[in-house]
Amino acid sequence: MDMSSIESVLTRIEPHLPPGAIVTDENERKTYECDGLAVHRTVPALVIRVTSTAEVALTVGACHEFDVPFVARGSGTGLSGGAQPHAEGVLIVMSTMRDILDIDPLAQRAIVQPGVINLNLSNEANPGGYYFAPDPSSQSVCSIGGNVAENSGGAHCLKYGFTTNHVTGVTLVTARGDIVEIGGDAPEYPGYDLLGVLCGSEGTLGIVTEVTVRLTRLPEAVETLLIGFESTDAAGEAVSDIISAGIMPAAIEMMDALAIEAAEKAVACNYPEGAGAVLVVELDGPAIDVDLERETVIARAKDHGAGEIRVAVDNVERGLIWKGRKSAFAAVGRISPDYIVQDGVIPRSRLGPVLASISTIAEECGVRVANVFHAGDGNLHPLVLFDGSVEGQTELAETASGRILDLCLSEGGSITGEHGVGSDKAKFMPRMFTNDDLDTMQILRCAFDPNHLSNPGKVFPTPRLCGEPPRRTSGEHPLQAAGKAELF
Amino acid sequence: MARPESVEELSELVARAHRESRTIAVYGGGTALDDHPPGHTPGLLIDMGGLNQVIEHSPGDLILVAGAGATIAELNAVAETGDQELLPDFPADRTDSGSTLGGAIATRAVGPRRIGRLPLREVVLGVTVVLADGTIAKAGGKVVKNVAGYDLAKLMTGSWGTLGIIASAALRLYPKPQTQGYVEIPGAEAALEVIGSQVAPAAVEIDRSPGGQASTVVMVEGLEESVASRTESIVSAYPGAQRCVEPSWWARRAQAPVTIRASVSPALVPQLVGEIARLEDTIGYPIQLRGSAMGVFDLGIGDLDSDPTIATRVVLEHLRSWGQKQLSATVLCAPASVWGDVDAWGEIPGVGLMRTIKDQFDPDGLLSPGRGIGGL
């Protein structure tokens, strides 16, 4: 590998960075070799721990000058390899930029550095009566910069929207190292929705170094229900009925028997024994609404043979219910040596048939699948369990996992609802999009990062050459011939 | 002029115009024709009325997919068969005049319910667009949650037809609320507190006629029992507050020669309202203010008897002195003469990137030339 470019970057930035910012030691670099998707590992050529927008601009500017790829990393909790480093590139560690710069409840805004931990912002905003609505399961460790990059959702995004709905401004360091202010405190700015495309661009359009977020009023009342069902089918039908009753819960989560077993072993969350599925339903809003809605939810659940219905009476009980759900991924580690977390989306109404097909796939591949999902919006997290030490099992699990994604696509769904494409799913993109679709997305990439230096190799299976002349179509015009169009 | 009946026909038309270097303008319902600078006479005008099919309606999934030429009113009627409605709120005056799905998205149309509903950009789940060279591309999908690839649906939302022509789109639906209730509170001072209160309003609008006093109207929606109780709690919390019916101006833009769209940090809303009254006194021109207390207002400048150019310039310059981090003020609607005589856009954050995006998507500048912000 040609390291002279890295040397050039280092020489350029070293005089301007504080001691400790630059990591060259191989063992220390190795600690950054993967994010939350540990199967993909690459040791970065250089690691820079930045503390300011200026340092990011300096580093990225040097990368641009010497044509060196760079990857931004927040807390490294991503599940698609989005922060997987580049072997010949610079890993820019943002977790050292973790100051909350301002909280303004009156304006319903906060300004944060990208390394700020999601939950810390809510904890700081709570005393003023506000919180930051996006709540991925990793919220106690994941960073807001990472949330912006991945457009993170979480259990409550059905009602409150994704990260993109809670960002009103950012400071962006472009792939050339320029600092651009986008948006601000006001709710709307004129022109193209740059914030909309930056959110969820997985670090491929530059690096966000400051974020203005919208804070949400803490609701007057919150009610969390844990409801046991005989089967996922019954639970799924209850979800449909709750939603067609006109209720928009803050969250509706489902876990199947295997996922319940795992969670029980891991965190003793005391879920109903022997249930084939549980629903976690959270209602929030004005107290009177929550009271009325709770009765409807309970009635609809009973219509579908609900067993135990537990209503959390305080924050401790609520916490325990959520602990079972939010620790589900890690919990399956208790019942299986290895597992793959999948993240497919289907139209919610297809839940029953899709779950049946998943269990067929699992049988055919000889693996077990535990299911956890955001049932309100059809986002499935099948956990494919396997033992990597048994020959052939890893391949079987990967096959099962891939077939589940194909299944989601055949139902008109998506290959990822919230974990992102990253390096993990780039190869699946052509199954969901045509070449023209992918090319069009990359036209946007070319506007932001023509040299493909910002997190290259992610999202797209093959990069598009920028500056390519757009494809031209040719041929006779059928519309004019058919008399439907007239030229003037 | 052409009226394609399918995405393929649309693509053929655009590809041909591209080969012939003809500029293209798109006509939906014509309800935003007076907004933004008038385009130059296009080489090809495309009427989207033929692309008005409902492609998919799934009440169980709360989604609706339709051609860009379908009207918002038609789509709401379709949604109503499932006791639902389109999730975002639209301006009633445009909906009544035949505003289309594609037009509403391209112009980022929005109604008063900015608090209780997710904004349009968040509920356009996917789009199919025809690019400047005729390429058909789709982005997003038809499921509520989806982060696969760039969110081009958001890029197209509010692009005024300058990046591609929206052929169809998937939108989220919402259970139709049982009822709505309105409370009027004199003045603008209470607005922020109501937004931050536990009555969870769907909309808080401030309206001030030229020379008059501002008034705040709060809308709550939901179950009948809840709406009754929440409107009551607003009435008892604010002196002078009283229940009212939907005001005649609700979701309708002020009629004035010039409309300025001002977006401001919510914390500065009371200051903005006060400032407009002072400006009106100082420059002697009537200014109508109407909009959401979340911080987006339409300012109607002038009357039919006088040239609004100078007043427009003064208001823009004055507001912009607050700084773009806090406020943005642009001309939304004005007579042709005014566009040339005032700085209609001001400083647009990220405009350099926007120009690059435009150049990449439409290098020959054929799509809706002059209709986008800042001349894009």
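As given, the protein sequences belong to chains A and B, one line each in that order. With the UniProt record's numbering applied, the first sequence closes on residue 488, and no number is skipped along the way. With the UniProt record's numbering applied, the second sequence closes on residue 376, and no number is skipped along the way. Every residue, glycine too, gets a C-beta built ideally from N, C-alpha and C.
field: When Gln213/B, Gly103/B and Arg22/B are compared against Trp160/B, the one with the closest alpha-carbon
entry: The shortest C-alpha separation from Trp160/B is found at Gly103/B.
task: Return the residues of the segment 106-128 of chain A that lie within a Cβ-Cβ distance of less than 8 Å from chain B, sorted by chain order.
output: Leu106, Ala107, Gln108 and Arg109
query: Where does Val14/B sit, in a helix, a strand or coil, going by DSSP?
result: helix
query: Taking the DSSP output, what are the residues bridged to Asn371/A?
result: Pro382/A
query: Quick one: what's residue 406/B bridged to in DSSP?
result: It is not possible to answer for residue 406/B, since the shown part of chain B is limited to 1 through 376.
query: chain A beta carbons: is any one of them nearer than 7 Å to that of Pro175/B?
result: yes
task: Determine whether the Cβ of Gly388/A lies closer than 7 Å to any Cβ atom of chain B.
output: no
query: Roughly how many whole angstroms lie between the Cα atoms of Glu486/A and Pro363/B?
result: Residue confidence for Glu486/A is low, a pLDDT of 48 falling below 50, so the modelled location carries little weight and cannot support an answer.
query: Which residues does DSSP pair with Thr77/A in a beta bridge?
result: According to DSSP, which records beta bridges pairwise, Thr77/A is partnered with nothing at all.
query: If you draw a straight line from the alpha carbon of Ile165/B to that of Leu218/A, how long is it in whole angstroms?
result: 40 Å
query: CA-CA distance, Glu224/B and Ile288/A?
result: 11 Å
task: Can you have a look at Pro469/A and say buried or exposed, based on whether 16 or more other CB atoms are within 10 angstroms of its CB?
output: Low confidence applies here, because Pro469/A scores a pLDDT of 47, under 50, leaving its location unreliable; read the following figure in that light. When all chains shown are included, Pro469/A counts as exposed.
task: Spell out whether any CB of chain B is found under 7 Å from the CB atom of Pro286/A.
output: yes
- prompt: If you pair each beta-carbon of the segment 43-57 of chain B with each one of the segment 23-34 of chain B, do three or more pairs fall below 8 Å?
  reply: yes
task: Using the DSSP secondary-structure output, state which residues sit across from residue 380/B in a beta bridge.
output: Because chain B spans 1 through 376 in this model, residue 380/B falls outside it and cannot be assessed.
task: Quick one: list the residues of chain B neighbouring Pro190/A, beta-carbon separation under 7 Å, in chain order.
output: Within 7 Å of the CB of Pro190/A, the CB atoms of chain B belong to Ser328, Thr330, Trp345, Ile348 and Ile373, in sequence order along the chain.
query: Is there contact here, the segment 409-420 of chain A with the segment 164-174 of chain A, by at least three beta-carbon pairs under 8 Å?
result: Fewer than three beta-carbon pairs drawn from the segment 409-420 of chain A and the segment 164-174 of chain A are found closer than 8 Å, and the two stretches are therefore not classed as touching.
task: Note down the Cα distance separating Val264/B from Glu188/A, rounded to an integer number of angstroms.
output: 8 Å
message: Please report the straight-line C-alpha distance between Ala107/A and Ala267/B, rounded to a whole angstrom.
response: 4 Å
message: Counting only beta-carbon separations shorter than 7 Å, does Val421/A have a partner in chain B?
response: So, interface residue.
message: Counting only Cβ pairs nearer than 7 Å, list the residues of chain A close to Ser321/B.
response: Near Ser321/B there are no residues of chain A at all, since even the closest Cβ is about 15 Å away, more than 7 Å.
- prompt: Roughly how many whole angstroms lie between the Cα atoms of Glu248/A and Glu85/B?
  reply: Looking at the sequence shown, residue 248/A is not Glu but Met. Those two C-alpha atoms are separated by around 14 Å.
- request: Count the other C-beta atoms from every protein chain shown that fall within 10 angstroms of the C-beta of Glu80/B, then say buried if there are 16 or more, exposed otherwise.
  value: exposed
field: Counterpart residues of Thr171/A in DSSP-defined beta bridges
entry: Answer is Glu181/A and Glu210/A.
message: Within 7 Å of any Cβ in chain B, is that where the Cβ of Glu295/A sits?
response: no
- request: For Leu118/B, return the contacting residues in chain A, with the cut-off set at a CB-CB distance below 7 Å.
  value: Gly161 and Asn165
Continuous beta strand (DSSP E) assignments of at least 3 residues falling wholly in the segment 33-67 of chain B: 44-47, 54-58 and 63-67
- prompt: Can you give, in chain order, each stretch of the alpha helix (DSSP H) that sits fully within the segment 201-264 of chain A and has at least 4 residues?
  reply: 232-244
message: For a cutoff of 7 Å on Cβ pairs, would you count Thr473/A as touching chain B?
response: Low confidence applies to Thr473/A: its pLDDT is 41, below 50, so where it sits in the model is not reliable, and the reading given next is rough at best. Yes, contact with chain B.
field: Within 7 Å, strictly: CB atoms of Gly350/B and Val208/A
entry: Not a contact, by the Cβ cut-off of 7 Å.
message: Let me see if you follow: with CB-CB separation under 7 Å, is Met94/A close to chain E or not?
response: Absence of chain E from the displayed structure is noted, the protein chains being A and B.
- request: Jot down the residue ranges of each uninterrupted alpha helix (DSSP H) in the segment 197-271 of chain B, minimum 4 residues, whole runs only, in chain order.
  value: Along the length of the segment 197-271 of chain B, whole alpha helix (DSSP H) runs at least 4 residues long occupy 224-237, reported in chain order.
message: Does chain B have any CB closer than 7 Å to the CB of Pro18/A?
response: no
message: Taking 8 Å as the cut-off, does the segment 118-128 of chain B touch the segment 136-143 of chain B (at least 3 CB pairs, one atom from each stretch)?
response: yes
- request: Have a look at Arg471/A and Thr135/B and give me their C-alpha separation to the nearest angstrom.
  value: Interpretation of Arg471/A is limited by its pLDDT of 45, a score under 50 that renders its predicted location unreliable; no figure is taken from the coordinates.
- request: Answer with buried or exposed for Asn147/A, where buried requires no fewer than 16 other C-beta atoms within 10 angstroms of its C-beta.
  value: buried
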